[in-house]
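Numbering (our numbering), first residue to last: 4 to 257.
Glycine included, C-beta positions come from ideal geometry on N, C-alpha and C.
All figures in this text were calculated on a predicted structure; none of them were measured in a lab.
In structure tokens form, the structure reads like this:
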């Protein structure tokens, strides 16, 4: 009876065989499977490890999907392996829990998707993902409350002025993040803007959550722009944060 399966973390492409680090996978030592040519003078490999099916078979995984801590630990281990190959020319990460009965089945499945995988490798070659998030500081100066007034008309006028200031801030925020996004997207090979509800920000309303596919040769310029804009926007209560570099998780799937 088959007791182990082949867990696939990612496909990597490079001119020469990548070094395997000591990063441990979900349940075993990471190894490479030769997967042929990726074109453009590159070869490609599957990054895999052997996993026990009693813990990572379909039924075992389905039984644990509601255990957020268990899934989170698996995701962290998965991403650590993928990111350990960041020095490769291109990386296409696989979805969490991509498991096959054996190496042959893994190769057969990926071979059937060769065109898609090779296109993704070409798209991300020499590029990585950088994230930029913009939020409003909850401690930023707030519009003043209407002063106590002797008449109802004066009080209502004060309330209207407060609403107008809040509306102006909202309009300005949309323009600020749109300008920043467009400036950074012009440097990147691709960009995607996610909805604020996907990853709520700590400390204040999330105005922008975006990922950029940045050529490695443009990374220093990209970072300088983010740093400059962060300093410029800080006095108005905006917090600009950059994350990465990461493998291009946001740009390898439709």
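Bounding residues of the beta strand (DSSP E) (the contiguous stretch that carries residue 139): Here residue 139 refers to the residue found at position 136 of the chain shown. First-last of the beta strand (DSSP E) with residue 139: 130 to 139.
Which residue or residues does DSSP assign as beta-bridge partners of residue 47? For the purposes of this step, residue 47 is taken as the residue at position 44 of the chain shown. The partner list for residue 47 (beta bridge, DSSP) reads 16.
Kindly indicate the opening and closing residues of the beta strand (DSSP E) around residue 228. Mapped onto the chain shown, residue 228 falls at position 225. Looking at the DSSP string, residue 228 is not in any beta strand (DSSP E); the run it does join, the alpha helix (DSSP H), is 222 to 236.
For residue 18 and residue 125, I'd like the C-alpha separation in whole angstroms. What you label residue 18 is simply residue 15 of the chain shown in a count that begins at 1. What you label residue 125 is simply residue 122 of the chain shown in a count that begins at 1. About 13 Å.
Going by beta-carbon coordinates alone, are residue 95 and residue 127 separated by less than 9 Å? To locate residue 95, count along the chain shown from 1; it is residue 92. To locate residue 127, count along the chain shown from 1; it is residue 124. Yes.
My parser needs the beta strand (DSSP E) runs of 3 or more residues fully inside the segment 72 to 112; what are they? You should have 93 to 96.
Per DSSP, residue 243 is paired with what? Locating residue 243 in the chain shown gives position 240, where the first residue counts as 1. Looking at the DSSP output, residue 243 sits in a beta bridge with 137.
Tell me the rounded alpha-carbon separation between residue 208 and residue 242. On the chain shown, position 205 is the one that residue 208 refers to. On the chain shown, position 239 is the one that residue 242 refers to. CA-to-CA, the gap between residue 208 and residue 242 works out to about 10 Å.
Rounding to the nearest angstrom, what Cα-Cα distance links residue 69 and residue 43 in this structure? Counting from one through the chain shown, the residue named residue 69 turns up at place 66. Counting from one through the chain shown, the residue named residue 43 turns up at place 40. Approximately 43 Å between the Cα atoms of the pair.
Quick one: using the 10 Å Cβ neighbour count with 16 as the cut-off for buried, is residue 136 buried or exposed? For this step, residue 136 is matched to residue 133 along the chain shown. By the C-beta density criterion, residue 136 is buried, having at least 16 other C-beta atoms within 10 angstroms.
Is it buried or exposed for residue 189, if we count other Cβ within 10 angstroms and need 16 for buried? Within the chain shown, numbered from 1, the residue matching residue 189 stands at position 186. Result: exposed.
Helix, strand or coil for residue 255? Go by DSSP, reduced to three states. Counting from one through the chain shown, the residue named residue 255 turns up at place 252. In the structure shown, residue 255 adopts coil according to DSSP, grouped into three states.
Who pairs with residue 196 in a beta bridge, going by DSSP? Taking the chain shown and counting its residues from 1, one reaches residue 196 at position 193. Residue pairing for residue 196: DSSP places it in a beta bridge opposite 213.
Classify residue 212: buried if its beta carbon has 16 or more other beta carbons within 10 angstroms, exposed otherwise. If you number the chain shown from 1, residue 212 lands on position 209. Buried, because 16 or more other Cβ atoms sit within 10 Å of the Cβ of residue 212.
Can you check which of these residues, 5, 117 and 10, is closest to residue 82 by C-alpha distance? Mapped onto the chain shown, residue 82 falls at position 79. Comparing alpha-carbon positions, the option among 5, 117 and 10 lying closest to residue 82 turns out to be 10.
To the nearest whole angstrom, what separates the beta carbons of residue 129 and residue 247, a pair I think is in contact under 8 Å? Mapped onto the chain shown, residue 129 falls at position 126. Mapped onto the chain shown, residue 247 falls at position 244. Not quite, the Cβ-Cβ distance comes to about 15 Å (not below 8 Å), so this is no contact.
Residue 71, buried or exposed, once every other Cβ within 10 Å from all chains shown has been counted against 16: Locating residue 71 in the chain shown gives position 68, where the first residue counts as 1. Exposed is the call here.
Classify residue 190 as helix, strand or coil using the three-state DSSP reduction. As a working note, residue 190 is residue 187 in the chain shown. Looking at residue 190 - three-state DSSP - the assignment turns out to be coil, as it is neither helix nor strand.
For residue 23 and residue 210, I'd like the C-alpha separation in whole angstroms. Working through the chain shown from its first residue, we reach residue 23 at position 20. Working through the chain shown from its first residue, we reach residue 210 at position 207. Taking the CA atoms as reference points, residue 23 sits about 39 Å from residue 210.
So, using beta-carbon positions, are residue 32 and residue 57 closer together than 9 Å? Reading the chain shown from its first residue, position 29 is the one you call residue 32. Reading the chain shown from its first residue, position 54 is the one you call residue 57. Cβ atoms of residue 32 and residue 57: not closer than 9 Å.
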